[in-house]
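K.L.:
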């Protein structure tokens, strides 16, 4: 079966070719539908389908075939809304993949409209970061993240496509052996990937940084190098800071973008979820010298970096999921009422212990202002006090030891009539890995009102540690 | 067809029983034993008789170097291995020896080659420890995949159409697709004496229809197996290494 011999109406293994889609460099794409009678399909999930057929030049083309093999293997294992759903694949003689046709807009189309407003860059960036995190959690590094491989669904979320150069850290890496040296796309490839390292999920964070840079400035940070030898330049040559191109890029966005583009993976965000968090909470971004940079490094610094990295070698293999486990987002739900003081103390101790074992963790401290109704208390307003600000000050005071130890800590005060729901919703939105919450023990109040910690344990989307005050 | 692959059992009754029990719960249609049933451990008779019973019911078994050494002493062996084989020879009866004599060095089935050590000189027992030897082994056969043991360390090599070869350390219970466009050399880890610092017994299941290979680590009663080695007055190091898994 040759890709170019296919015609509309043709049926392949029970799938009818309905219409040709735009071809890619390595494959043709078709909208397809099942020809089986509807009754047999009734129990199957109904979603639009497409077929990807590799373009094989002169018989077996190893480059195309390896990529196709890798995509089939990896896509078949991935689940969730951030990848096209895998349906089936052809055999050795007749290679094809049938997958979900994702209705949405390719990010590539957005490039025409750059530079985009910062809020829009952050919103799109957070969507892509969540998609990356979902894939990383499933042991896969994309390694070819670029605008044409991102689709934003009509209903909101980002979908990553084309896993032909990807890496599954629990499976043999077919790509690495077939192409000696680096594989990727010139403008987006991470420095370590340019050295041939295919084991670090933070390579995808670098590529996302390139996308954010492009969206915010309309420029590519490293141009469009074609040759592999030019890719290595980014090991020593830093890009112009985004604000050099576009003064409307706020410091927090420059901070985020330049942190993604750090040469050493350890200097970037430790996980895509942590990046998503910053993109969702601009006011919480810890600004460093990155935010203030006005132009790129001078020749002396660059020469020094060149001298250090010119003979750099890729590092040893590590585990994708392992990197994520070292970089959890911990949500500490803190009760600041006076009677809960010993409990708050125990909570700080418990969070401190978690941080001691997880060096790349970050902590989000949450306190819920319990409002009788969803308005501020008029009495306190009349006295000119802002209860929200007061709580924030107390929360920072509570977390002082955690923050002093050099950890990344952010503070969030919500008003809600329902503290448990507010904590759970917050944890879900930021994709927290772990909630630490205190339990007050038995009290008359709790018997009537129900326990916050019990509801958090029952409904939270992640691990929950319940802390009790010491006897 | 689901095939269970066992190698390097080395007279370890507890480890073999644990693996067979696990396989018994895993819808297995066919058993393949890749050699070295005896040596090192304290239960040669139990292991040989168990394998004999499976072979009677259609299982495949090939010869390993320790099995061969019960027929004719192998001067290339380490002192501990040599001592253990001398002890083993005294335990085995004529039916066991006759069974070992009938074993062949390799066996082929539907494009799969089963051999204890390597495909290019199966009786010379060279170890497949790296890419070079793996590719030499793959070059020596037309089979799409080779399944072997001998090194006691699980490893999976794949060779592309362009002849490039790479190695991979398989993880416990991860399904690995052995796609038809590649050739594969799977070194199955040892049932009875793992040497990758994980004392759990190792075997593998190949789903031949779906082309999926899964390595499985099975925890077993190491302490009993180690104690039996001590009680049999076999070299003490053979007992200790089971507990550590080296």
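Protein chains in written order, with our numbering: chain A, 10 to 480; chain B, 14 to 259. Ideal placement from N, C-alpha and C gives every residue a C-beta, glycine not left out. As the structure is a computational prediction, the values presented were derived from the model and not from experiment.
1. If you draw a straight line from the C-alpha of residue 5/B to the C-alpha of residue 51/B, how long is it?
2. Compare the C-alpha of residue 38/A against each of 111/A, 440/A, 82/A and name the closest.
3. Examine chain B for any beta-carbon lying closer than 9 angstroms to the beta-carbon of residue 74/A, and answer yes or no.
4. Take every Cβ of the stretch 116-126 of chain B, pair it with every Cβ of the stretch 82-94 of chain B, and state whether three or more of those distances are shorter than 8 angstroms.
5. Just tell me which of 192/B, 210/B, 237/B has its CA closest to the CA of residue 225/B.
6. Do residue 173/A and residue 35/A have their C-beta atoms closer together than 9 angstroms?
7. Taking the DSSP output, what are the residues bridged to residue 138/B?
8. Is DSSP giving residue 23/A helix, strand or coil here?
9. Pull up the DSSP beta-bridge partners for residue 444/A, would you.
10. Is residue 144/B near residue 180/B, with beta carbons less than 9 angstroms apart?
11. Could you give the uninterrupted runs of the alpha helix (DSSP H) lying entirely in the stretch 237-289 of chain A, keeping only those of 4 residues or more?
12. Is residue 180/A close to chain B, meaning its C-beta is less than 9 angstroms from at least one C-beta of that chain?
13. Listed from N- to C-terminal order along the chain, which residues in the stretch 91-107 of chain A have their beta-carbon within a distance smaller than 7 angstroms of any beta-carbon of chain B?
14. Buried or exposed for residue 402/A, going by 16 or more other Cβ atoms inside 10 Å?
15. State the DSSP-derived secondary structure class of residue 387/A, mapped to helix, strand or coil.
16. Quick one, which of 80/B, 122/B, 130/B, 249/B has its alpha-carbon nearest residue 114/B's?
17. Specify, as a first and last residue, the run of the beta strand (DSSP E) that residue 85/B falls within.
18. Who are the neighbours of residue 177/B on chain D, taking C-beta pairs under 7 angstroms?
19. DSSP three-state call for residue 54/B: helix, strand or coil?
20. With residue 221/A and residue 266/A assumed to form a contact (beta carbons below 8 angstroms), what rounded beta-carbon distance in angstroms separates them?
21. Residues in the stretch 357-369 of chain A with C-beta within 7 angstroms of chain B's C-beta atoms, listed in sequence order?
22. Distance check for residue 235/B and residue 97/B, CA to CA, integer angstroms please.
23. Excluding the five sequence neighbours on either side, which residues of its own chain have a C-beta within less than 6 angstroms of the C-beta of residue 466/A, listed in chain order?
24. Excluding sequence positions up to five away, which residues of its chain have a Cβ less than 7 angstroms from the Cβ of residue 195/B?
25. Taking residue 397/A as the reference, which of 380/A, 411/A, 150/A has the closest Cα?
26. Find the nearest neighbour of residue 206/A within the set 64/A, 283/A, 329/A, 137/A, judged by alpha-carbon distance.
27. Quick check: the stretch 254-269 of chain A against the stretch 112-129 of chain A, are at least 3 beta-carbon pairs closer than 8 angstroms?
28. Taking only runs of the beta strand (DSSP E) that begin and end inside the stretch 142-229 of chain B, which ones reach a length of at least 3 residues, in chain order?
29. What residues of chain B sit near residue 82/A, judged by a beta carbon separation below 8 angstroms?
30. Please classify residue 37/B: does DSSP put it in a helix, a strand, or coil?
31. Pull up the distance between the alpha-carbon of residue 362/A and that of residue 418/A, whole angstroms please.
32. Residue 151/A lies in the alpha helix (DSSP H); which residues open and close that run?
33. Count the CB pairs spanning the stretch 310-323 of chain A and the stretch 350-359 of chain A that are closer than 8 angstroms, and state whether there are at least three.
34. Across the stretch 137-147 of chain A and the stretch 233-251 of chain A, are there enough close Cβ pairs to call them in contact, namely three or more that are closer than 8 angstroms?
35. Grab me the residues of residue 149/B's own chain with a C-beta within less than 7 angstroms of its C-beta, minus the 5 sequence neighbours each way, in chain order.
36. Throw me the rounded Cβ distance for the residue 431/A and residue 377/A pair, which I believe falls under 8 angstroms.
P.N.:
With the given structure in hand:
1. Nothing about residue 5/B can be read from this structure; chain B reaches only from 14 to 259.
2. 111/A
3. yes
4. They do not touch, by the three-pair rule.
5. 192/B
6. The answer is yes: Cβ separation under 9 angstroms.
7. None; residue 138/B has no bridge partner.
8. coil
9. Beta-bridge pairing links residue 444/A to 340/A, 473/A.
10. yes
11. 237-240, 251-254, 260-269, 281-289
12. Between residue 180/A and chain B, the shortest Cβ-Cβ separation is below 9 angstroms.
13. 101
14. Residue 402/A should be labelled exposed.
15. In this prediction, residue 387/A scores a pLDDT of 49, lower than 50, which makes its location untrustworthy; no coordinate-derived value is stated.
16. 80/B
17. Taken as a continuous stretch (DSSP letters only), residue 85/B belongs to no beta strand (DSSP E), as it is neither H nor E.
18. Among the protein chains of the structure shown, namely A and B, there is no chain D.
19. In the structure shown, residue 54/B adopts coil according to DSSP, grouped into three states.
20. Cβ-Cβ separation between residue 221/A and residue 266/A: approximately 5 angstroms, consistent with a contact (criterion under 8 angstroms).
21. Those residues of the stretch 357-369 of chain A that come within reach of chain B (Cβ to Cβ, closer than 7 angstroms) do not exist; the list is empty.
22. 18 angstroms
23. Cβ within range, chain order: 473.
24. 171, 172, 173
25. 380/A
26. 329/A
27. yes
28. 158-161, 168-172, 178-181, 188-190, 196-200, 214-220
29. Under the 8 angstroms cutoff, chain B gives 190, 192.
30. It is helical.
31. Straight across, the Cα-Cα distance linking residue 362/A with residue 418/A is about 15 angstroms.
32. Per DSSP, residue 151/A belongs to no alpha helix (DSSP H) and is neither H nor E.
33. no
34. no
35. 133
36. 5 angstroms
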